[in-house]
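See below for the structure under consideration.
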Amino acid sequence: MDLTKLGRTERVLAIVGLLAFIDSFLPWYSVSVKGELAAMGGVGGVSGNAWDVGFWAWFPMLLLLAIGVLVALPAVGQNVSVRGGYAAFGAAALLATIIVLIRWLTYPSVPAEEAALIDAGADFGTYVGLILGIVATVFAYLGFTAAGGTLNNIGAAFQGGQPQQTGYVPPAEGYVPPPGGYVPPAEQPPTWQQPPQQ
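Throughout the sequence shown, residue numbering follows our numbering, covering 11 to 208 in sequence.
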């Protein structure tokens, strides 16, 4: 595995994919019993991970994992072209984020008459999943704009031509620094000697 073949955006998206898979095993929804009822029953509460909560929890995490795998494949020598490139990754990440948000808003709530005894709602896995979706969406957008894409021409990223013409394609040999290091142009004075602007 050669991580030098991945840029910063690919590394972040790959890490988000891995964290999303791990997050799917964290508690997403919890129910806890309060007060004397908990002491009498000896049960404090239960929680369920994304796999327990259902499709609307585990599917977005697998979507983020798929994005992470696709952008990490060049590190193991497999180049994959995805039509739309970062635009497609951004759309998938945004979809995952929206699904997690909808799942959070549609969790069952406790009826008012039982609220004094039972507490139920989203657990930290839901919040982590939402944050991971937002991070993936932002970095996919940054990768899209760094490759020259804009929101005005996002549709062009999905039309004809090379499938990943608007996405980042890492060089096959990885990053190679220029020979002799960086040398600033001779005709440009250092910043502290810039002529006054008029």
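Even glycine gets a Cβ: it sits at the ideal position worked out from N, Cα and C.
Under the DSSP definition of a beta bridge, which residues are partnered with residue i?
{"i": "Ser42", "result": "Gly55 and Asp129"}
{"i": "Pro121", "result": "DSSP, once it has assigned bridges, lists no residue as partnering Pro121."}
{"i": "Pro37", "result": "Asn59"}
Hey, residue i and residue j: beta-carbon distance below 8 Å or not?
{"i": "Leu140", "j": "Leu111", "result": "yes"}
{"i": "Leu73", "j": "Gly135", "result": "no"}
{"i": "Leu29", "j": "Leu142", "result": "yes"}
Quick check: what's the CA-CA separation for residue i versus residue j?
{"i": "Phe149", "j": "Asp12", "result": "21 Å"}
{"i": "Ile109", "j": "Pro189", "result": "48 Å"}
{"i": "Leu83", "j": "Pro70", "result": "20 Å"}
{"i": "Ala85", "j": "Gly27", "result": "15 Å"}
{"i": "Ser42", "j": "Asp129", "result": "5 Å"}
{"i": "Gly95", "j": "Gly78", "result": "13 Å"}
{"i": "Ala98", "j": "Phe168", "result": "8 Å"}
{"i": "Gly55", "j": "Asn162", "result": "50 Å"}
{"i": "Ala132", "j": "Leu80", "result": "30 Å"}
{"i": "Gly58", "j": "Val22", "result": "27 Å"}
{"i": "Tyr117", "j": "Phe31", "result": "21 Å"}
{"i": "Ala156", "j": "Gly100", "result": "13 Å"}
{"i": "Pro173", "j": "Gly153", "result": "Note that Pro173 has pLDDT 40, beneath the 50 cutoff, so the model's placement of it is unreliable and the number below is only indicative. Computed Cα separation, rounded: 15 Å."}
{"i": "Pro65", "j": "Thr147", "result": "Reading off the sequence, residue 65 comes out as Phe, not Pro. Distance between the alpha carbons of Phe65 and Thr147: 20 Å."}
{"i": "Ala103", "j": "Tyr151", "result": "10 Å"}
{"i": "Asn89", "j": "Ala122", "result": "55 Å"}
{"i": "Gly87", "j": "Arg93", "result": "19 Å"}
{"i": "Ala166", "j": "Glu124", "result": "54 Å"}
So that I know if they touch, is there some Cβ in chain C lying closer than 8 Å to that of residue i?
{"i": "Ala156", "result": "You won't find chain C in this structure, because it holds only one protein chain."}
Quick check on residue i: buried or exposed, where buried means 16 or more other Cβ atoms within 10 Å of its Cβ?
{"i": "Thr14", "result": "exposed"}
{"i": "Thr160", "result": "exposed"}
{"i": "Val138", "result": "buried"}
{"i": "Arg113", "result": "buried"}
{"i": "Ser40", "result": "buried"}
{"i": "Val63", "result": "buried"}
{"i": "Glu20", "result": "buried"}
Tell me which residues share the same chain as residue i and place their Cβ nearer than 6 Å to its Cβ, disregarding the 5 neighbours each side in the sequence.
{"i": "Ala60", "result": "Ser34, Trp38, Ala67, Trp68 and Met71"}
{"i": "Val120", "result": "Ile128 and Ala130"}
{"i": "Ala106", "result": "Pro70, Leu73, Leu74 and Gly143"}
{"i": "Val145", "result": "Val26"}
Tell me which same chain residues have a C-beta within less than 7 Å of the C-beta of residue i, skipping the five on either side of it?
{"i": "Ile164", "result": "Ala97"}
Taking 8 Å as the limit between beta carbons, can you name the residues of its chain near residue i, skipping five residues before and five after?
{"i": "Ile25", "result": "Gly78"}
{"i": "Gly45", "result": "Ala126 and Leu127"}
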